[in-house]
Amino acid sequence: MNEGERRFAVFPPVFWRGGGKVEQVLTCTGLGKKFGILPALSEVSVNMYSSRLVSLTGESGSGKSVFLRLAAGVLRPTAGELTVCGELPASREAKEVTAYLPDRDILPPDMTLTELVRYYHHFCIDFDTGLAVRLLGDICADMGRRFGKYSAGMRSAIQTILVTSRRARLFLLDEPTRCLDGDGGLRGLIIGRISALAEEDSAVITADNAFLDTADDLLTLRCGTVSYYGSAAEGRYPKDETDA
Amino acid sequence: MKRTLRSFLYDLKKNCGRFFLISAVIFLLCTVFFASISLIRKLTSAELPLWVMSGMFVVLPYLLYIPAFVLPLMTFRRSVLGRDAMFMQSFPLPRSAFTASMLLNTLIWTAVSRLLFAALNTISLLLSEGTDKSALNTALMLSFSRTGLLLGIVMFLYWYLAIVFLQLFICAVSLLAALDPEKRGILAAVYGGIGGAMIVFSYTLVSSLTSETVTEVGSAGAAVLPQMLYFLTFSVFFGFVTAVVMKRIELGRLEM
Numbered sequence: 001m002n003e004g005e006r007r008f009a010v011f012p013p014v015f016w017r018g019g020g021k022v023e024q025v026l027t028c029t030g031l032g033k034k035f036g037i038l039p040a041l042s043e044v045s046v047n048m049y050s051s052r053l054v055s056l057t058g059e060s061g062s063g064k065s066v067f068l069r070l071a072a073g074v075l076r077p078t079a080g081e082l083t084v085c086g087e088l089p090a091s092r093e094a095k096e097v098t099a100y101l102p103d104r105d106i107l108p109p110d111m112t113l114t115e116l117v118r119y120y121h122h123f124c125i126d127f128d129t130g131l132a133v134r135l136l137g138d139i140c141a142d143m144g145r146r147f148g149k150y151s152a153g154m155r156s157a158i159q160t161i162l163v164t165s166r167r168a169r170l171f172l173l174d175e176p177t178r179c180l181d182g183d184g185g186l187r188g189l190i191i192g193r194i195s196a197l198a199e200e201d202s203a204v205i206t207a208d209n210a211f212l213d214t215a216d217d218l219l220t221l222r223c224g225t226v227s228y229y230g231s232a233a234e235g236r237y238p239k240d241e242t243d244a
Numbered sequence: 245m246k247r248t249l250r251s252f253l254y255d256l257k258k259n260c261g262r263f264f265l266i267s268a269v270i271f272l273l274c275t276v277f278f279a280s281i282s283l284i285r286k287l288t289s290a291e292l293p294l295w296v297m298s299g300m301f302v303v304l305p306y307l308l309y310i311p312a313f314v315l316p317l318m319t320f321r322r323s324v325l326g327r328d329a330m331f332m333q334s335f336p337l338p339r340s341a342f343t344a345s346m347l348l349n350t351l352i353w354t355a356v357s358r359l360l361f362a363a364l365n366t367i368s369l370l371l372s373e374g375t376d377k378s379a380l381n382t383a384l385m386l387s388f389s390r391t392g393l394l395l396g397i398v399m400f401l402y403w404y405l406a407i408v409f410l411q412l413f414i415c416a417v418s419l420l421a422a423l424d425p426e427k428r429g430i431l432a433a434v435y436g437g438i439g440g441a442m443i444v445f446s447y448t449l450v451s452s453l454t455s456e457t458v459t460e461v462g463s464a465g466a467a468v469l470p471q472m473l474y475f476l477t478f479s480v481f482f483g484f485v486t487a488v489v490m491k492r493i494e495l496g497r498l499e500m
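Residue numbers (the working numbering), protein chains in the order written: chain L, 1 to 244; chain D, 245 to 500.
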């Protein structure tokens, strides 16, 4: 465990965005994941807190997506422990408080946006329907159009909006701006929305270079192990190592 | 419980259109076929072999059970292992909700299929040569008598258990194979082959041990009870395997 990890393991961050109580949302100790004999993650021990935006960085294949999938409960660890608000990630209790955005389209292409919003409204108690409809209106999405009929960028934005319209305690976002071009418009709206999540007392972990400048904390993975975890302002972040 | 019920209602609504479309096509095809055979026999006095006639008029209506078997199974597979899995399982739904939704949907669609089956049988009776109005009236009266209704309920339960038994067998085999995504195809073939052979052998054994000649309407219901018990026992077993294995599936590995 490096100095950054040790500091966060014992002392929660003093400065936080939201106005609420700082709570430990994600805890992992000695976390490891192997696929066959190949280790994807090993000895990852980090604690994450509410009202913090954590940027997860590292080269391709360093284990960023694997870490997010373990936290979301779609993969099971082969070593160590991982809990979300004290519950196992795959449990229903953890899913009640976790919102996960994978790095690909997951919404059924044959459902309209109205149907999707209704689905989220019925199955997620913490889903803010008004906010979702407003944000979808801001990106000029037609609520009666099927999800599969949109462009790649719009699909990515719609998916991100639906996931981030939940009032979850933990957001796990894998490359939310991957198909969004340019600095303004759609990309700016999505970046702004995600940045605002931490101010709403949620813990946000995002594997996306777009948040390097605005993140509170930095978690850098290298070959499946933690190379740095600490304050982004103090963080060592060699530009030649990044490929999130 | 509320979300499980919602999940069932969503699946029901999703499959409604497809179910009625497929059933309507099968129903119309069978009706046209029966009508054609009757017309050909009336016009040409040609006689088809008895086994062909019996086979066509008896077997074809059972095709109506196909949508009741296939649609809930496909929805389950899509929600647990297929393209909608990551979406469906990102919601705080208990994993048992998917199995429960499949079983409830099968119940509804089997009941509708049973009604369509009865309607098609009535049509085939009407179109069969040699069936006069009094014989048809007798058949209808028997169907709506107390014994007939009881037999109808027993046969509905028989078909429901048979369909659920097959569905849960396929679910168990698919989920067991998905535990090792790289060898999924081979494992599915192996588990399916071994399981299928065991089922065929045990079913044949049970049928041969409990077979009896049915001479009265009332006995028809009793004759299928051993098979219903067989289906129920194995459905519970496969359901247990499905529930246990579903907890161990790593969704993230299926996509890698």
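Beta carbons: idealized from backbone N, C-alpha and C, even for Gly.
Option in the options with minimal Cα separation from residue i
i: aspartate 110 (chain L); options: L:Ala79, L:Gly144, L:Phe171, L:Thr214; result: L:Gly144
i: glycine 188 (chain L); options: L:Val204, L:Ala71, L:Phe67, L:Ile139; result: L:Ile139
i: threonine 27 (chain L); options: L:Phe67, L:Leu82, L:Lys64; result: L:Leu82
i: glycine 86 (chain L); options: L:Asp213, L:Thr29, L:Leu197, L:Tyr119; result: L:Thr29
i: glutamine 159 (chain L); options: L:Pro102, L:Gly73, L:Val204, L:Lys34; result: L:Pro102
i: alanine 210 (chain L); options: L:Leu56, L:Ala94, L:Arg52, L:Ala141; result: L:Leu56
i: serine 65 (chain L); options: L:Ser156, L:Ala40, L:Ser50; result: L:Ala40
i: arginine 52 (chain L); options: L:Thr220, L:Arg169, L:Met154; result: L:Arg169
i: leucine 265 (chain D); options: D:Leu360, D:Phe320, D:Trp295, D:Gly437; result: D:Leu360
i: leucine 171 (chain L); options: L:Pro89, L:Ser231, L:Glu59; result: First, the amino acid is wrong: residue 171 (chain L) is phenylalanine here, not leucine. Closest by alpha carbon: L:Pro89.
i: tyrosine 120 (chain L); options: D:Trp295, D:Leu394, D:Pro336, D:Val356; result: D:Pro336
i: alanine 344 (chain D); options: D:Ser452, D:Leu253, D:Arg497; result: D:Leu253
i: arginine 146 (chain L); options: L:Gly230, L:Asp201, L:Glu115; result: L:Glu115
i: leucine 520 (chain D); options: D:Pro338, D:Lys286, D:Val324, D:Ala355; result: Any property of residue 520 (chain D) remains undetermined from this structure, which presents chain D solely from 245 to 500.
i: valine 54 (chain L); options: L:Thr78, L:Thr220, L:Gly153; result: L:Thr220
i: aspartate 328 (chain D); options: L:Ile37, L:Arg104, L:Leu186, L:Ala94; result: L:Arg104
i: glycine 137 (chain L); options: L:Lys34, L:Gly148, L:Leu186; result: L:Leu186
i: glycine 396 (chain D); options: D:Met300, D:Leu419, D:Val468; result: D:Val468
i: threonine 112 (chain L); options: L:His122, L:Lys149, L:Lys95; result: L:Lys149
i: threonine 486 (chain D); options: D:Thr319, D:Val269, D:Arg339; result: D:Arg339
Cβ separation of residue i and residue j, assumed to be a contact under 8 Å, to the nearest whole Å
i: isoleucine 190 (chain L); j: threonine 177 (chain L); result: 6 Å
i: valine 489 (chain D); j: alanine 416 (chain D); result: 7 Å
i: arginine 167 (chain L); j: serine 62 (chain L); result: The pair is not a contact, with the Cβ atoms about 31 Å apart (cut-off 8 Å).
i: valine 44 (chain L); j: leucine 31 (chain L); result: 4 Å
i: tyrosine 435 (chain D); j: valine 450 (chain D); result: Tyrosine 435 (chain D) to valine 450 (chain D), Cβ: 22 Å. No contact.
i: methionine 245 (chain D); j: isoleucine 106 (chain L); result: So it is not a contact: roughly 26 Å between Cβ atoms.
i: alanine 99 (chain L); j: valine 163 (chain L); result: 5 Å
i: leucine 364 (chain D); j: phenylalanine 271 (chain D); result: 6 Å
i: leucine 347 (chain D); j: valine 398 (chain D); result: About 19 Å separates the two Cβ atoms, so there is no contact after all.
i: isoleucine 194 (chain L); j: leucine 173 (chain L); result: 6 Å
i: leucine 315 (chain D); j: arginine 262 (chain D); result: 6 Å
i: alanine 246 (chain L); j: alanine 215 (chain L); result: Here chain L comprises residues numbered 1 to 244, so residue 246 (chain L) is not present and cannot be evaluated.
i: glycine 153 (chain L); j: cysteine 179 (chain L); result: 5 Å
i: phenylalanine 478 (chain D); j: glutamine 411 (chain D); result: In fact, because the Cβ distance is near 11 Å, the residues do not count as touching under 8 Å.
Three-way DSSP call (helix, strand, coil) for residue i in this model
i: cysteine 274 (chain D); result: helix
i: alanine 432 (chain D); result: helix
i: tyrosine 402 (chain D); result: helix
i: glutamate 199 (chain L); result: helix
i: glycine 144 (chain L); result: coil
i: proline 39 (chain L); result: strand
i: threonine 343 (chain D); result: helix
i: tyrosine 306 (chain D); result: helix
i: valine 461 (chain D); result: With a pLDDT of 44 at valine 461 (chain D), under the threshold of 50, the modelled position of this residue cannot be trusted, and the question is left open.
i: alanine 132 (chain L); result: helix
i: proline 293 (chain D); result: coil
i: alanine 207 (chain L); result: strand
i: valine 22 (chain L); result: coil
i: serine 357 (chain D); result: helix
i: leucine 249 (chain D); result: helix
i: glycine 230 (chain L); result: strand
i: aspartate 213 (chain L); result: coil
i: arginine 193 (chain L); result: helix
i: glycine 326 (chain D); result: coil
i: glycine 188 (chain L); result: helix
i: phenylalanine 335 (chain D); result: coil
i: leucine 423 (chain D); result: coil
Chain B within 8 Å of residue i, Cβ atoms only
i: arginine 92 (chain L); result: This model lacks chain B altogether; the protein chains it does include are L and D.
In chain order, which beta strand (DSSP E) runs of at least 3 residues are fully inside the stretch 52 to 127 of chain L? Counting only unbroken stretches of 3 or more residues, the beta strand (DSSP E) elements lying wholly within the stretch 52 to 127 of chain L are 53 to 58, 79 to 84, 98 to 101, in sequence order.
Output, in sequence order along the chain, the residues in the stretch 94 to 110 of chain L whose CB is closer than 7 Å to any CB in chain D. Flagged, chain order: Lys95, Glu96, Tyr100, Pro102, Ile106, Leu107, Pro108.
Can you give me, in chain order, the residues of the stretch 334 to 347 of chain D that have a beta carbon less than 7 Å from any beta carbon in chain L? Only those residues of the stretch 334 to 347 of chain D whose C-beta falls short of 7 Å from the nearest C-beta of chain L are listed: Ser334, Phe335, Pro336, Leu337, Pro338.
Taking a Cβ distance cut-off of 7 Å, strictly less, list which residues of the stretch 117 to 143 of chain L are near chain D, in chain order. From the stretch 117 to 143 of chain L, only His122, Phe123, Cys124 have a Cβ closer than 7 Å to chain D.
Which residues, in order along the stretch 67 to 80 of chain L, keep a beta-carbon less than 7 Å from a beta-carbon of chain D? Within the stretch 67 to 80 of chain L, those residues whose Cβ lies closer than 7 Å to any Cβ of chain D are, in chain order, Arg69, Val74, Leu75, Arg76.
Where the stretch 320 to 335 of chain D meets chain L: residues whose CB sits under 7 Å from a CB there: So the list reads Asp328, Met330, Phe331, Ser334, Phe335, given in the order they occur along the chain.
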